[in-house]
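Sequence lines, in order, name chains F and H. The numbers in this note's numbering rise by one with no breaks, and the one at position 120 of the first sequence is 120. The numbers in this note's numbering rise by one with no breaks, and the one at position 188 of the second sequence is 188. Glycine is no exception: its CB is placed at the ideal position from the N, C-alpha and C atoms. One structure is given here, and the rest of the page talks about it.
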Amino acid sequence: MNNRLRKYDTFVFFLFIAPWIIGFSLFFLVPFGTSVFYAFTDARLPGSVDYSFVGLSNFKDMLDNPIFGKSLLNTLYFVVVGVPVVTAGMLILALLLNLNVKGIALYRTFYYLPTLVPIVATVIIWRLVFNSEFGILNAGLSVFGIGKIDWLGSEGLIKPVIILLQVWISGSGVLIFLAALKNVPRHLYEAVRIDGANRLQAFFKITLPMISPSILFVVIIQTMYNFQMFTEALLLSKGGPNYAAYTFVYNIYKSAFTDLQFSMAMAQSIFLFALISLVTFVLMKLSNRFVYYEGEK
Amino acid sequence: MKTNGKRLLSLFALVISVGVVVSGCGNNGNSNGASSSPSSSPSGGADSASESQKPAEKATITYSQWGTAEELQRTQELLNKFMEANPNITVKLEGKDWGSYWDGLTANAAGGTLPDVFKTSYAYIEKYAELGIFKELDGLLAENGFDLNNIDASLLGLHKYQDKQVSLPIDANVIVWYYNKAIFNDPAQNPKGAPVPSLEPTWDEIIDIATKLTLDKNGKNPGEAGFDGNNIVQWGMSVSPGSTMDWFLEPELWSNGAKLVNDDGSLALNTPEAREVLDFFIDATKKKINTTPAQIEGLGGQVNLGITTGKVAMNPGGNWNTTNFKEANVDYGTTYLPKFKEAKTVVQPAGMAIASNTKHEAAAYTLLAWLAGPEGQTELAKQGYSIPANKAASEAYISTVGDTNKIFLDAQQFGIISPFTAKKTDLVWTYGEQSLKNPLAGDGDLDAAIRDLESKLQ
Chain F
1 MNNRLRKYDT FVFFLFIAPW IIGFSLFFLV PFGTSVFYAF TDARLPGSVD YSFVGLSNFK
61 DMLDNPIFGK SLLNTLYFVV VGVPVVTAGM LILALLLNLN VKGIALYRTF YYLPTLVPIV
121 ATVIIWRLVF NSEFGILNAG LSVFGIGKID WLGSEGLIKP VIILLQVWIS GSGVLIFLAA
181 LKNVPRHLYE AVRIDGANRL QAFFKITLPM ISPSILFVVI IQTMYNFQMF TEALLLSKGG
241 PNYAAYTFVY NIYKSAFTDL QFSMAMAQSI FLFALISLVT FVLMKLSNRF VYYEGEK
Chain H
1 MKTNGKRLLS LFALVISVGV VVSGCGNNGN SNGASSSPSS SPSGGADSAS ESQKPAEKAT
61 ITYSQWGTAE ELQRTQELLN KFMEANPNIT VKLEGKDWGS YWDGLTANAA GGTLPDVFKT
121 SYAYIEKYAE LGIFKELDGL LAENGFDLNN IDASLLGLHK YQDKQVSLPI DANVIVWYYN
181 KAIFNDPAQN PKGAPVPSLE PTWDEIIDIA TKLTLDKNGK NPGEAGFDGN NIVQWGMSVS
241 PGSTMDWFLE PELWSNGAKL VNDDGSLALN TPEAREVLDF FIDATKKKIN TTPAQIEGLG
301 GQVNLGITTG KVAMNPGGNW NTTNFKEANV DYGTTYLPKF KEAKTVVQPA GMAIASNTKH
361 EAAAYTLLAW LAGPEGQTEL AKQGYSIPAN KAASEAYIST VGDTNKIFLD AQQFGIISPF
421 TAKKTDLVWT YGEQSLKNPL AGDGDLDAAI RDLESKLQ
């Protein structure tokens with residue numbers, strides 16, 4: 001009877017998880033397998049029957065692509081610089097929104113609103129705000145005697161502007177941090193206060209360790225997102241000027257839709273997949289040292 | 001027992017929900033297929049062979065093109081006339097803007113869902129022909145006795161791939177120079193009384209006019225002492241050679257005896273004649289007579305629509321832009337593109353092709369032959385916005401547009417012959433704008449940009 005019940009439970013488990021397995025297989029495994037297959041061919045289009053196997057030729061061509069190095073460096077900038085800045089920005093916003101001040105619920109709503117606006121609309125707004133000639137930002141700065149700054153047309157400024165844009169739309173991460181902050185037991189703060197710790201010490205000794213699992217989660221999600229950054233770079237400055245915001249995924253898009261070399265685009269995608277997997281693996285390994293799971297200690 | 005009952009209930013709910021999801025997906029799939037598949041037909045999807053033999057059988061085909069809402073509306077009017085003449089064929093129009101049109105076509109090619117008939121540009125013929133998306137037309141045209149003599153051989157040549165006709169030219173877009181008459185006529189906007197440009201202006205003439213029409217907030221122009229270049233409220237002209245290489249920079253280079261690319265596909269910008277042209281535009285922008293890329297962005301982002309803002313006196317554009325000017329209620333004047341030595345321009349013949357995998361070949365051909373033939377071309381000419389490629393419709397065009405738009409026909413005599421090669425496509429649409437946009441506006445090292453471009457085009 002017990003055995004039958006266990007089998008039945010297993011059956012029900014798989015039945016319930018079936019929609020996910022089907023979706024995962026159809027929309028990830030099959031396209032991924034197809035991509036791997038075509039990456040070793042010279043197919044111009046996915047699904048093409050007119051192709052031959054070219055071995056690692058696409059990967060070699062990928063390295064020879066004149067924009068490969070620059071797009072990879074730009075993407076690494078968005079990961080190495082962008083992810084810590086955006087995560088810190090989220091955390092600071094969450095800490096501010098965790099304060100007990102009048103009307104805090106309203107502030108929380110306001111800070112989350114940009115996340116609800118479609119990214120395309122947000123980018124268009126930012127193009128207007130950051131336009132060097134007619135933008136409201138330069139108009140505001142001119143009050144303080146600061147001359148026109150070409151935010152979107154300068155090679156040195158375009159990446160920081162994109163990172164700032166990410167902080168602007170970081171409501172979801174803020175929400176995660178806010179939930180984590182709310183879950184930190186009050187008595188821990190009372191205990192360190194009795195021990196004579198100030199607010200900064202309490203933050204580093206109590207808050208950060210207690211919300212470290214959430215930080216890890218946000219860092220990993222943000223890292224994956226920034227490795228795959230595309231929309232912001234495309235719409236804000238078409239990856240320019242002079243490839244300053246040309247990301248790796250933008251280059252994949254160009255290979256597929258401008259050069260009509262889908263097999264090359266697939267090779268680039270697989271390279272990126274491997275890179276993201278490697279970085280995520282390293283992050284997970286390193287997390288053992290920095291992340292505190294209350295339930296495990 | 002109670003637990004088992006709950007389990008059964010949850011199992012039942014799950015089966016129902018999975019059923020709903022699966023049937024939902026199924027419906028979606030069907031509806032997607034119906035809307036995007038070129039083979040969808042009320043006749044029940046006759047195969048191409050049977051339809052070829054029975055062209056009178058009812059068929060629904062898709063026709064795709066790029067264009068603004070108004071252009072699509074005009075195409076719909078054309079298609080309505082076609083459907084009146086061919087009641088057995090229903091044509092569904094799919095429209096996109098220029099940028100997303102080509103991505104969409106690529107995605108359609110990848111997904112096997114190409115529209116039966118679609119618009120093509122001479123610049124993309126080779127690129128998409130290599131994907132095998134075009135049906136070869138030679139056989140169909142010969143079988144049906146289509147008169148190709150009415151279409152200029154050079155236009156037909158631009159729509160061939162490996163000597164085979166894969167697309168038929170339908171209209172010839174041409175680039176000219178526009179000015180906003182209201183700015184010239186308003187003493188507040190034209191305090192120096194600059195005259196409108198002549199029909200075939202030189203750049204010296206244009207610079208003189210543009211200088212007088214560039215005003216700072218105090219009404220001073222760049223030729224006057226005390227001009228405040230940081231607070232310009234009106235620009236004499238708006239050109240962006242770095243981001244409009246194919247339709248503006250190239251004819252201007254030819255105008256000065258230079259070229260954009262050499263015959264072997266290498267970059268040709270390092271000759272003295274070419275550098276003279278590049279330096280000229282850099283100088284005009286540095287003197288604040290011409291808009292910078294950031295100013296163009298702030299004025300709406302499209303350099304060929306500058307005069308619609310009321311803040312730009314002159315800009316280059318295509319004959320299709322007259323639609324935009326009318327929509328914006330701009331009273332515009334037209335001249336040939338300004339010249340260095342000789343007047344030059346670009347003629348961009350758009351065409352029409354049939355998908356290689358269409359299941360409605362006969363219906364698709366009927367539409368193509370009508371749109372590119374005398375009947376459809378005359379209807380197109382009567383609308384007055386497009387220059388028909390078929391000479392049988394020339395009279396209809398001239399009698400419709402009168403003298404106002406006759407310049408678009410006349411300008412074609414200055415058209416340069418510069419076919420699109422793979423390297424030129426790379427230069428114009430992949431590398432050129434990134435490298436040259438800022439340097440050609442006076443911001444950045446032009447020599448380094450040219451060296452960078454040369455290395456990328458090797």
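**Item:** Expected contact under 8 Å - CB spacing of Leu-267 of chain H and Leu-78 of chain H to nearest Å
**Value:** Contact doesn't hold; Cβ gap of about 41 Å is too wide.
**Prompt:** Should Trp-495 of chain H be labelled buried (16 or more other beta-carbon atoms within 10 Å of its own) or exposed?
**Reply:** No statement about residue 495 of chain H is possible, as the shown extent of chain H runs from 1 to 458 and does not include it.
**chain H contacts made by the segment 52-67 of chain F, where a contact means CB separation under 7 Å** = Pro-66
**Item:** Identified DSSP bridge partners for Pro-388 of chain H
**Value:** H:Asp-171
**Message:** Let me see if you follow: with CB-CB separation under 7 Å, is Leu-131 of chain H close to chain F or not?
**Reply:** yes
**Prompt:** CB-CB under 7 Å to Ser-23 of chain H, same chain, minus the five flanking residues each way: which ones, in chain order?
**Reply:** Low confidence applies to Ser-23 of chain H: its pLDDT is 35, below 50, so where it sits in the model is not reliable, and the reading given next is rough at best. If we look at Ser-23 of chain H and ignore the five residues flanking it on each side, it has no Cβ neighbours.
**Request:** Report the partner residues of Leu-521 of chain H according to the DSSP bridge assignment.
**Result:** No statement about residue 521 of chain H is possible, as the shown extent of chain H runs from 1 to 458 and does not include it.
**Prompt:** When you compare each of H:Ile-232, H:Lys-259, H:Asp-208 and H:Ile-206 to Pro-499 of chain H by their alpha carbons, which one comes out closest?
**Reply:** Residue numbering for chain H in the displayed model covers 1 to 458; residue 499 of chain H lies beyond these limits and cannot be assessed.
**Neighbour list for Asp-216 of chain H in chain F, Cβ cutoff strictly below 8 Å** = Near Asp-216 of chain H there are no residues of chain F at all, since even the closest Cβ is about 13 Å away, more than 8 Å.
**Prompt:** Can you tell which of H:Gly-298, H:Gln-234 and H:Tyr-365 has the C-alpha that lies nearest to the C-alpha of Ile-209 of chain H?
**Reply:** H:Gln-234
**Unbroken beta strand (DSSP E) run spanning Tyr-332 of chain H, endpoints** = 332-335
**Asked** Which chain F residues are close to Asp-103 of chain H, counting only those with a beta carbon under 8 Å from its beta carbon?
**Response** Phe-257
**Contacting positions in the segment 126-137 of chain F - beta carbon closer than 9 Å to chain H** = Arg-127, Leu-128, Asn-131, Ser-132, Glu-133, Phe-134 and Gly-135
**Item:** Whole-angstrom distance between Thr-62 of chain H and Val-174 of chain H, CA atom to CA atom
**Value:** 28 Å
**Prompt:** Touching or not, the segment 159-173 of chain H and the segment 201-221 of chain H, by the rule of three or more beta carbon pairs under 8 Å?
**Reply:** no
**Message:** Using only the alpha-carbon positions, how far apart do Ala-363 of chain H and Ile-183 of chain H sit?
**Reply:** 50 Å
**Item:** Inter-stretch contact (C-beta, 8 Å, three-pair minimum) for the segment 250-266 of chain F and the segment 76-87 of chain F
**Value:** no
**Item:** Neighbourhood of Val-261 of chain H by C-beta, 6 Å cutoff - its chain only, sequence neighbours within 5 removed
**Value:** Ala-268 and Lys-424
**Request:** For Ile-163 of chain F, count neighbouring Cβ atoms within 10 angstroms of its own Cβ and tell me buried if that reaches 16, exposed if not.
**Result:** buried
**Prompt:** What did DSSP end up calling Ser-170 of chain F once you bin it into helix, strand or coil?
**Reply:** coil
**Asked** For a contact meaning CB atoms closer than 9 Å, what does Lys-456 of chain H contact in chain F?
**Response** Pro-66 and Ile-67
**Prompt:** Just by C-beta distance, which residues in the segment 232-243 of chain F are closer than 8 Å to chain H?
**Reply:** Lys-238, Gly-239, Gly-240, Pro-241, Asn-242 and Tyr-243
**Prompt:** What residues match up with Gln-355 of chain H in a beta bridge as DSSP calls it?
**Reply:** It is worth fixing the name first, because residue 355 of chain H is Ala in this sequence and not Gln. Bridge partners of Ala-355 of chain H: H:Phe-134.
**Prompt:** In the structure shown, what three-state DSSP assignment does Met-229 of chain F receive?
**Reply:** coil
**Item:** Near-chain F residues of the segment 297-325 of chain H - C-beta to any C-beta below 9 Å
**Value:** Glu-297, Gly-298, Leu-299 and Gly-301
**Request:** Taking only beta-carbon positions, decide if Gln-434 of chain H is within less than 7 Å of chain F.
**Result:** yes
**Message:** Here's the rule: buried if 16 or more other CB atoms are within 10 angstroms of the residue's CB, otherwise exposed. What is Arg-4 of chain F?
**Reply:** exposed
**Asked** Taking all protein chains shown into account, do 16 or more other C-beta atoms lie within 10 angstroms of the C-beta of Met-284 of chain F, making it buried, or fewer, making it exposed?
**Response** exposed
**Prompt:** Nearest CA to the CA of Asn-108 of chain H: which residue from H:Ala-123, H:Ile-89, H:Tyr-128 and H:Tyr-122?
**Reply:** H:Tyr-128
**Request:** Could you tell me whether the Cβ atoms of Ala-294 of chain H and Glu-133 of chain F are closer together than 7 Å?
**Result:** yes
**Message:** I'd like to know if the segment 133-149 of chain H and the segment 347-355 of chain H are in contact, where contact means that at least 3 CB-CB pairs between them fall below 8 Å.
**Reply:** yes
**Item:** C-alpha distance - Thr-231 of chain F paired with Leu-152 of chain F, whole-angstrom precision
**Value:** 15 Å
**Prompt:** What are the start and end residues of each continuous alpha helix (DSSP H) run of 4 or more residues lying completely inside the segment 9-76 of chain F, in chain order?
**Reply:** 30-39 and 57-64
**Asked** Under three-state DSSP, which class holds Ser-455 of chain H?
**Response** helix
**Asked** Among F:Phe-14, F:Asn-65, F:Ile-21 and F:Asn-58, which one has its Cα closest to the Cα of Ser-455 of chain H?
**Response** F:Asn-65
**Request:** For Pro-46 of chain F, return the contacting residues in chain H, with the cut-off set at a CB-CB distance below 9 Å.
**Result:** Ala-110 and Gly-111
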